[in-house]
Amino acid sequence: MAEFRIAQDLVATDNDKRATALKADYEALGATLARRGVDIEAVTRKVAEFFVAVPWGVGTGGTRFARFPGTGEPRGIFDKLDDCAVINQLTQATPNVSLHIPWDKADARELKAKGDALGLGFDAMNSNTFSDAPGQAHSYKYGSLSHTDAATRAQAVEHNLECIETGKALGSKALTVWIGDGSNFPGQSHFTKAFERYLASMADIYKALPDDWKLFSEHKMYEPAFYSTIVQDWGTNYLIAQTLGPKAYCLVDLGHHAPNTNIEMIVARLIQFGKLGGFHFNDSKYGDDDLDAGAIDPYRLFLVFNELVDAEQRGVNDFNPAHMIDQSHNVTDPIESLINSANEIRRAYAQALLVDRKALSGYQDDNDALMASETLKRAYRADVEPILAEARRRASGAIDPIAVYRASGYRKKVAAERPASAAGGGGII
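Mapping the sequence shown onto our numbering, position 203 (from 1) lands on 203, and the numbers just tick up by one.
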């Protein structure tokens with residue numbers, strides 16, 4: 001039995017107040033969907049089985065210019081796990097945590113024990129060679145896995161091997177590698193040589209992967225290197241995965257694309273060629289924003305899930321992408337943002353399950369652009385909130401998780417236990 005930081009009686013009491021209205025809404029939606037030939041129970045079961053991992057970032061984030069900490073900030077990974085358990089308790093959608101090393105470094109046995117006590121598992125491990133850790137011998141100021149200095153590259157490789165070893169002890173099955181390597185001035189870096197060094201370093205990491213693990217490489221258009229970035233787009237990412245081998249896959253971060261990029265087509269291409277490893281869910285207005293999932297463009301999130309559900313229903317071989325949230329919470333309570341994001345991700349999945357695939361295929365074959373588009377919009381416009389709430393309720397989560405969270409006073413309670421963080425310089429957690 002998990003150790004709940006919010007009393008389950010509070011969840012049950014709040015659910016009782018909302019149960020009658022939810023029952024009516026669920027039955028009404030069920031009747032509407034039945035007229036379309038959709039079984040609401042089948043959709044609800046699928047939604048209840050869809051999970052997304054929460055990240056290390058349950059503290060307040062920041063920009064390059066400033067960070068304004070909130071109250072009750074987690075002091076370390078064990079406080080973070082307490083916060084992650086609250087998110088899962090209320091949403092029943094986030095049973096796993098994706099750790100970031102060295103930020104979340106701790107004794108693996110203690111981490112595993114804490115996770116077990118809270119009913120949490122561990123998803124993909126994330127390495128960090130884009131910033132310097134205290135006491136490390138070589139700086140990553142001018143790169144890590146692609147650095148011109150062999151000793152610096154070796155240090156970066158060794159760090160990733162350490163992440164693998166920690167992950168093995170925790171039951172993780174994947175390593176995510178994102179680096180900030182690149183250049184800020186024309187001529188600063190030899191594009192080809194730098195990429196060759198990166199591939200050689202990644203090959204050393206790949207060789208250390210257990211047989212049942214995956215390696216995710218993440219592309220990011222810019223930041224902190226603004227002139228050139230080693231892994232700057234999905235094409236480069238695909239080349240990496242192809243070069244390394246069958247255990248290497250591409251990770252798509254929804255917030256790290258140029259405005260108007262057709263992310264859903266990138267997803268389709270990676271699915272088609274068997275190299276979609278998973279997602280970091282967030283949102284953006286301009287690029288590299290790390291905003292809450294679905295906060296800016298929920299229709300784009302739906303279109304991504306349209307491709308995922310299409311692949312799922314077509315029975316694409318060995319299709320099991322990892323789903324993780326990766327956000328920076330600068331002006332909201334991170335727990336509330338992650339609760340909302342988990343539900344928005346499930347919402348997009350539920351809506352994509354409502355797409356009439358037979359009708360859509362027919363309109364596509366007939367080149368009926370308008371009706372093909374309307375078929376997608378009809379699913380997107382459906383209010384699937386009763387499905388999401390019912391899936392949470394059946395799993396002992398909260399019908400209205402934000403309301404229960406606020407009523408619990410959890411943030412005030414942990415603020416009394418955790419010393420206030422001092423405001424400081426920039427840097428995203």
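Note that beta-carbon positions come from the ideal geometry of N, C-alpha and C, so glycine has one too.
Kindly confirm or deny that the segment 10–23 and the segment 345–354 touch, where touching means at least three C-beta pairs closer than 8 Å. no
- Message: Does residue 259 come out as helix, strand or coil in the three-state DSSP assignment?
- Response: coil
Query raised in the report: Taking the continuous alpha helix (DSSP H) assigned at residue 249, which residues delimit it?
Result: Looking at the DSSP string, residue 249 is not in any alpha helix (DSSP H); the run it does join, the beta strand (DSSP E), is 248–253.
**Item:** Beta-bridge pairing of residue 53 - partner residues as DSSP gives them
**Value:** 324
Query - Within the segment 295–342, ranges of the alpha helix (DSSP H) (whole runs, at least 4 residues) - result: 298–314
Nearest-angstrom Cα separation, counted from residue 333 out to residue 142:
34 Å
Do residue 47 and residue 388 count as a contact pair if the criterion is CB distance below 9 Å? yes
ask   = Excluding sequence positions up to five away, which residues of its chain have a Cβ less than 6 Å from the Cβ of residue 344?
value = 293 and 294
* Asked: Is the beta carbon of residue 284 sitting closer than 9 Å to the one on residue 296?
  -> yes
Residue from 192, 338, 272 and 230 whose Cα sits closest to the Cα of residue 179: 230
- Drop a sphere of 10 angstroms on the beta-carbon of residue 212, count the other beta-carbons inside from all chains shown, and report buried for 16 or more, exposed for fewer. exposed
Mind listing, in chain order, the continuous alpha helix (DSSP H) runs of no fewer than 4 residues lying wholly within the segment 62–98?
77–91
Please report how far the alpha carbon of residue 201 lies from the alpha carbon of residue 302, in whole angstroms. 36 Å
Looking only at its chain, what residues have a beta carbon closer than 7 Å to the beta carbon of residue 4, apart from the 5 residues adjacent to it on each side? 89
Check your understanding: Whose C-beta lies closer than 7 Å to the C-beta of residue 127 among residues of the same chain, with five residues either side of it excluded?
Key -> 101, 159, 160, 163, 175 and 177
- request: Have a look at residue 385 and residue 28 and give me their C-alpha separation to the nearest angstrom.
  value: 12 Å
Practice problem: Starting from residue 434, trace the beta strand (DSSP E) both ways and give me its first and last residue. | Solution: The shown model of the chain, from 1 to 429, leaves out residue 434, and the question about it has no answer.
#### Entry: C-alpha distance - residue 66 paired with residue 255, whole-angstrom precision
20 Å
Would you mind stating whether residue 402 and residue 340 have Cβ atoms separated by less than 9 Å?
yes
Subject >> Three-state secondary structure (DSSP) of residue 118 >> reply: helix
### Query
Smallest Cα separation from residue 208: which of 247, 50, 85 and 118?
247
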